[in-house]
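*Asks:* Protein chains in written order, with the numbering used here: chain A, 1 to 156; chain B, 1001 to 1306. No residue lacks a Cβ here, since even glycine has one placed at the ideal position from N, Cα and C.
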Ligand SMILES: [Zn+2]
């Protein structure tokens, strides 16, 4: 077996049923894992790989979770930090669905408000943001009305 | 039935605003009405503001309601670490209406989501203070006989001043033109300017406060330039006297010009202006009573006033 073949096999470690998340920016990989609450999955086999060569993006991260299919709202949380991620649903070793993530209209409990005087930073309560511009990724706090640009977004 | 609260001026349409102002005029004509008989309003002032609290409490009293509440959070359980939510839920057991002021931004919106009774925002930090905006609009309408097509000059701290931001939002329904007069470090933020741009509302920005601008204005809205907003104390010393209105500056102004100020003022309106018939800031504060009576009735669903 050539070394390239070996590499490829490691990358695509066979998944019978489950979800493969591809094209994750390497720096966001662990954040993505956290946003998907993978640490709460006790029985699923999870493979996390990072810095794989990628033609599209130089390097990329990949996460594979056996026997787990995500709801749209679960997966769209990661659009904030990894907008070009593709989600592959795999059933019986075949990709049955390819789904790009998209930013939802509202983000609940995901982002921390940048305003220290915001009620959400001083009261045990979930944050709530409205996406005011899907293209630029700008969001607005539902409570203090502070506008936050994409580069300034702090994911909890 | 959905509970109605007043959290932000942005939630009011043009018709909502006009309806509030119409009712405010009815209360001015006849302020004492037993519309709240048997009802209890809680004034929760987590941050003290004597002026606003007295205005609201007078409004409740003149409507025949009763008032409970506090005016200093240090004497309540919130100083012992109780959450806002618990305080609001506790008060919701007793009262029919909450009127609250809080130093944290978004506190009133959150309270309105958990309360189960109407909440009126009497100021949440630097965010919103909608009853101030409605009393400003009432004052403008009353002194000008209309709200449409007016030239409004906003002077002072336009960057942090929430009253001017809300006034722009409130006036945006009525085809206004604005002059923004402020030092560079207190210029109108981009957010408000693009709000105007999107609605086609014309504005011009100035750093000099000149008679020429005053002479073109129908409303001159003065605000306080606060020392604590400046990082450079020398800069404060340089600009603090530039944005002071003096009697000599309004000699050639339009006869319908009126001078407004959200109060308290420090030195931004010289005392020689007070006797001018164009000075309106004291009556403006009095109008707050009628606007607040109208707001209280609105959130409590008391309609059909005559
Ligand atoms: Zn906020």
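Counting along the chain, where does the beta strand (DSSP E) carrying residue 1100 of chain B start and finish?
*Replies:* Element bounds for residue 1100 of chain B: 1097-1102.
*Asks:* Could you pull out every residue in the same chain whose Cβ sits closer than 7 Å to the Cβ of residue 134 of chain A, ignoring the five residues on either side in sequence?
*Replies:* Answer for residue 134 of chain A: 103, listed in chain order.
*Asks:* Is any non-hydrogen atom of ligand 1 found closer than 6 Å to the C-beta of residue 115 of chain A, if you look at the structure I gave you?
*Replies:* Yes, the Cβ of residue 115 of chain A comes within 6 Å of a heavy atom of ligand 1.
*Asks:* DSSP three-state label for residue 1 of chain A, please.
*Replies:* Confidence in residue 1 of chain A is poor, its pLDDT being 47 and thus under 50, which makes the residue's placement unreliable; the coordinate value appears in the next sentence. Reduced to three states, the DSSP call for residue 1 of chain A is coil.
*Asks:* Given a threshold of 16 other Cβ atoms within 10 Å of its Cβ, counted over all protein chains shown, does residue 1252 of chain B qualify as buried or as exposed?
*Replies:* Answer is exposed; the Cβ neighbour count stays below 16.
*Asks:* Can you say whether residue 1176 of chain B is buried or exposed, counting buried as having 16 or more other CB atoms within 10 angstroms of its CB?
*Replies:* That one is buried.
*Asks:* Could you give the residue range of the alpha helix (DSSP H) that holds residue 1087 of chain B?
*Replies:* Unbroken alpha helix (DSSP H) run through residue 1087 of chain B: 1084-1092.
*Asks:* Rounded to whole angstroms, how far is the Cβ of residue 1191 of chain B from the Cβ of residue 147 of chain A, which I believe are closer than 8 Å?
*Replies:* So it is a contact: roughly 6 Å between Cβ atoms.
*Asks:* Residues of chain A with CB closer than 9 Å to the CB of residue 1004 of chain B, please, in chain order.
*Replies:* The contacting residues do not exist; residue 1004 of chain B stays about 18 Å from chain A at best.
*Asks:* At least one CB of chain A closer than 7 Å to the CB of residue 1307 of chain B: is that the case?
*Replies:* This structure does not reach residue 1307 of chain B, given that chain B is present from 1001 up to 1306, and the question cannot be answered.
*Asks:* I need the straight-line Cα distance from residue 974 of chain B to residue 1017 of chain B, nearest angstrom please.
*Replies:* Outside the displayed span of chain B (1001 to 1306) sits residue 974 of chain B, for which this structure offers no information.
*Asks:* For residue 26 of chain A, which of A:15, A:56, A:19, A:127 has the nearest alpha-carbon?
*Replies:* The residue with the shortest Cα to Cα distance from residue 26 of chain A is A:56.
*Asks:* I'd like to confirm something about residue 146 of chain A: is its beta-carbon nearer than 6 Å to some heavy atom of ligand 2, or not?
*Replies:* For ligand 2, the structure offers nothing, since it holds only ligand 1.
*Asks:* Could you check if residue 1243 of chain B is buried or exposed, using at least 16 other CB atoms within 10 Å of its CB as the buried criterion?
*Replies:* Buried, by the Cβ-count rule.
*Asks:* Taking the alpha helix (DSSP H) that residue 1196 of chain B belongs to, which residues open and close that run?
*Replies:* From DSSP, the alpha helix (DSSP H) with residue 1196 of chain B extends over 1190-1199.
*Asks:* By the three-class DSSP mapping on this structure, what secondary structure does residue 1046 of chain B have?
*Replies:* If DSSP states are grouped into helix, strand and coil, residue 1046 of chain B belongs with coil.
*Asks:* Does any C-beta atom of chain A lie closer than 7 Å to the C-beta of residue 1116 of chain B?
*Replies:* It does not: the Cβ of residue 1116 of chain B has no partner Cβ on chain A nearer than 7 Å.
*Asks:* Below 8 Å on the Cβ atoms is my contact criterion, and I expect residue 1219 of chain B with residue 1260 of chain B to pass it. Report the Cβ-Cβ distance as a whole number of Å.
*Replies:* Indeed, because the Cβ distance is near 6 Å, the residues count as touching under 8 Å.
*Asks:* Distance check for residue 1164 of chain B and residue 1195 of chain B, CA to CA, integer angstroms please.
*Replies:* Cα to Cα, residue 1195 of chain B sits roughly 13 Å from residue 1164 of chain B.
*Asks:* Return yes when the Cβ of residue 43 of chain A is within less than 7 Å of the Cβ of residue 64 of chain A, no when it is not.
*Replies:* Not in contact: residue 64 of chain A and residue 43 of chain A (Cβ atoms no closer than 7 Å).
*Asks:* Tell me whether residue 1110 of chain B, by its Cβ, gets closer than 6 Å to a heavy atom of ligand 1.
*Replies:* Every heavy atom of ligand 1 is 6 Å or more from the Cβ of residue 1110 of chain B, so no.
*Asks:* Using a threshold of 7 Å, state whether the C-beta atoms of residue 1115 of chain B and residue 1088 of chain B are closer than that.
*Replies:* Going by C-beta atoms, residue 1115 of chain B is nearer than 7 Å to residue 1088 of chain B.
*Asks:* Residue 1120 of chain B and residue 1099 of chain B: beta carbons closer than 7 Å?
*Replies:* Yes, they are a contact pair.
*Asks:* Below 7 Å CB to CB, which residues in the same chain sit around residue 1235 of chain B once its five sequence neighbours on both sides are set aside?
*Replies:* Same-chain partners within the cutoff: 1185.
*Asks:* Using only alpha-carbon positions, find the residue among B:1212, B:1178, B:1206 that is nearest to residue 1199 of chain B.
*Replies:* Checking every option, the nearest Cα to that of residue 1199 of chain B belongs to B:1178.
*Asks:* Answer yes or no: do residue 1096 of chain B and residue 1040 of chain B have a C-beta to C-beta separation smaller than 7 Å?
*Replies:* Yes. Within cutoff.
*Asks:* Measuring only from the beta carbon, is residue 118 of chain A closer than 6 Å to any heavy atom that is part of ligand 1?
*Replies:* Yes - ligand 1 has a heavy atom lying nearer than 6 Å to the Cβ of residue 118 of chain A.
*Asks:* Would you please state the rounded distance, in angstroms, between the beta carbons of residue 1026 of chain B and residue 1306 of chain B? I believe it to be under 8 Å.
*Replies:* Residue 1026 of chain B to residue 1306 of chain B, Cβ: 7 Å. Contact.
*Asks:* Between residue 93 of chain A and chain B, is there a C-beta pair that is closer than 7 Å?
*Replies:* No, residue 93 of chain A does not count as interfacial toward chain B.
*Asks:* Could you give the DSSP three-state label for residue 1106 of chain B: helix, strand or coil?
*Replies:* Coil.
*Asks:* Can you list, in chain order, the residues of its chain whose CB lies under 8 Å from that of residue 85 of chain A, leaving out five sequence neighbours each side?
*Replies:* Same-chain partners within the cutoff: 21, 22, 23, 24, 32, 78, 79, 100, 101.
*Asks:* Nearer than 6 Å: is that true of the beta carbon of residue 1243 of chain B relative to any heavy atom of ligand 1?
*Replies:* No.
*Asks:* With residue 53 of chain A as the anchor, note down where its alpha helix (DSSP H) starts and where it stops.
*Replies:* Unbroken run through residue 53 of chain A is the beta strand (DSSP E), 46-54; no alpha helix (DSSP H).
*Asks:* Taking DSSP as the reference, what is the three-state secondary structure of residue 1012 of chain B?
*Replies:* Three-state DSSP puts residue 1012 of chain B in coil, outside helix and strand.
*Asks:* State the DSSP-derived secondary structure class of residue 1173 of chain B, mapped to helix, strand or coil.
*Replies:* In the structure shown, residue 1173 of chain B sits in a helix (DSSP, three-state: H, G or I).
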